[in-house]
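Colleague:
Residue numbers (UniProt numbering): 1 to 279.
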């Protein structure tokens, strides 16, 4: 699979993050022309921007971006001279675009009416979802792509396997199970978000029982109950699901799209002969 278009489609279908690298400016002698692209994943590369040390540096930058989960694009200017171990003598500007980065790892406990309305919404976002319930018959026949169905007799045991920084949504059919899940999540206390379905009355009851187990006010404050955007009204499962999904998006997307500190405009990365034309 040497073609970058096919590789990008395959990686996105499989949910594997990658970086699309494009030559967006060239001056003088360069290995390949502007518009040339390659795709870089954590373990593979597809297509080429000309080989040599330029391509090696591009791979390093792309994999550093993948390792730290960088969401923003990145521009870098390279002089193809002795310092880069190349003798072309030209100048190239590369654009690095993260593709398929997962915004959030989400665990949904409960496959009831609201869970069945919520999970397809989450699956359409740049997320990976664990959908957990003890009742296999409650899951729909079709599980959306990007969702892992987990049938577990002990849903609480699944909390130990969650990645740090997960978004956790508790909405089971059983209040006692909701309480045990809440206690286990608060004890672990490394989630990015924890929402518990229910009313203000349910929250008061749960807070009382959790305080009896030794949880303090600061820990209990991290529990969202009721959860979801208050602006989204309604009691239908899909209305509740949209409210919860909106809150998840608002949480993980709080800083999405902001320019990285110190990012330079493309004009400053161009050679001096081009810079006056670009400004």
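The C-beta atom is built at its ideal place from N, Cα and C for all residues, glycine as well. Quantities reported herein were computed from a predicted structural model and do not represent experimental measurements.
Tell me the residue span of the beta strand (DSSP E) that contains residue 225.
Modeller: Here the question's residue 225 lines up with position 225 in the chain shown. Here residue 225 belongs to no beta strand (DSSP E), and DSSP marks it neither H nor E.
Colleague: Pop quiz: residue 55 and residue 49 are said to be a contact at Cβ under 8 angstroms. What is the actual Cβ separation, rounded to whole angstroms?
Modeller: Start at 1 with the first residue of the chain shown, and residue 55 comes out as number 55. Start at 1 with the first residue of the chain shown, and residue 49 comes out as number 49. 6 angstroms between Cβ atoms; contact.
Colleague: What span of residues does the alpha helix (DSSP H) with residue 41 cover, start to end?
Modeller: Within the chain shown, numbered from 1, the residue matching residue 41 stands at position 41. Taken as a continuous stretch (DSSP letters only), residue 41 belongs to no alpha helix (DSSP H), being part of the beta strand (DSSP E) at 37 to 41.
Colleague: Let me make sure I understand the geometry here. Which of 234, 91, 131 and 37 has the alpha-carbon closest to that of residue 166?
Modeller: Within the chain shown, the letter at position 166 stands for residue 166. When only C-alpha atoms are compared, the closest one is 131.
Colleague: In the DSSP assignment, find the beta strand (DSSP E) that holds residue 51 and state where it starts and stops.
Modeller: Residue 51 sits at position 51 when you count from the first residue of the chain shown. Counting along the chain, residue 51 falls outside any beta strand (DSSP E), and DSSP gives it neither H nor E.
Colleague: For the beta strand (DSSP E) containing residue 94, list its first residue and its last residue.
Modeller: The residue labelled residue 94 in the question sits at position 94 within the chain shown. Note, residue 94: beta strand (DSSP E), 91 to 99.
Colleague: For residue 248, count neighbouring C-beta atoms within 10 Å of its own C-beta (all shown protein chains included) and say buried if the count is 16 or more, exposed if not.
Modeller: Along the chain shown, read from residue 1 onward, the residue named residue 248 stands at position 248. So residue 248 ends up on the buried side.
Colleague: Return the chain-ordered list of same chain residues with a C-beta closer than 7 angstroms to the C-beta of residue 255, the five sequence neighbours on each side being excluded.
Modeller: Indexing the chain shown from 1 puts residue 255 at position 255. Because the pLDDT at residue 255 is just 45, under 50, the model does not fix this residue reliably, and the value given afterwards should be weighed accordingly. Closer than 7 angstroms at Cβ, skipping near neighbours: no residue.
Colleague: Who are the Cβ neighbours of residue 151 in its own chain at under 6 angstroms, not counting the five residues just before and after it?
Modeller: Here residue 151 refers to the residue found at position 151 when the chain shown is read from its first residue. So the qualifying residues of the chain are 136.
Colleague: When every heavy atom of the ligand FMN is checked, does at least one fall within less than 6 angstroms of the C-beta of residue 198?
Modeller: Ligands in the displayed structure: none, and consequently the ligand FMN is not present.
Colleague: Could you check which residue in 202, 122 and 19 has the C-alpha nearest to that of residue 42?
Modeller: Here residue 42 refers to the residue found at position 42 when the chain shown is read from its first residue. Closest option to residue 42, Cα to Cα, is 19.
Colleague: Tell me, please, which residues DSSP counts as bridged to residue 123.
Modeller: Sequence index remark: in the chain shown, residue 123 carries index 123 (1-based). For residue 123, which the question treats as bridged, DSSP gives no partner whatsoever.
Colleague: Spatial neighbours of residue 183 within its chain, please: CB distance less than 8 angstroms, with the 5 preceding and 5 following residues excluded, ordered by chain position.
Modeller: By one-based count along the chain shown, residue 183 stands at place 183. The answer, listed in chain order, is 210, 213 and 215.
Colleague: Mapping the DSSP letters down to three states, classify residue 192 as helix, strand or coil.
Modeller: Here residue 192 refers to the residue found at position 192 of the chain shown. Coil.
Colleague: Residue ranges of each alpha helix (DSSP H) run of no fewer than 4 residues wholly in the region 112 to 186, ordered along the chain?
Modeller: 113 to 123
Colleague: Ends of the beta strand (DSSP E) at residue 105?
Modeller: Looking up residue 105 in the chain shown gives position 105. Run containing residue 105: 104 to 109, per the beta strand (DSSP E) assignment.
Colleague: What residues in its chain sit with their C-beta under 7 angstroms from that of residue 257, if we drop five residues either side in the sequence?
Modeller: Position 257 of the chain shown, counted from the first residue, corresponds to residue 257. Bear in mind that a pLDDT of 38 at residue 257, under 50, signals an unreliable position, so the number given afterwards is only what the model happens to contain. Cβ within range, chain order: n/a, list empty.
Colleague: Are the beta-carbon atoms of residue 197 and residue 171 separated by less than 7 angstroms?
Modeller: Numbered from its first residue, the chain shown carries residue 197 at position 197. Numbered from its first residue, the chain shown carries residue 171 at position 171. For residue 197 and residue 171, yes; Cβs fall inside 7 angstroms.
Colleague: Below 8 angstroms CB to CB, which residues in the same chain sit around residue 34 once its five sequence neighbours on both sides are set aside?
Modeller: In the chain shown, residue 34 corresponds to position 34, counting from 1. Excluding positions up to five away in sequence, the list reads 23, 24, 25 and 26.
Colleague: Consult DSSP for residue 204 and reduce its assignment to one of helix, strand or coil.
Modeller: Within the chain shown, residue 204 is the residue found at index 204, counting from 1. DSSP places residue 204 within a helical segment (H, G or I) once states are collapsed to three.
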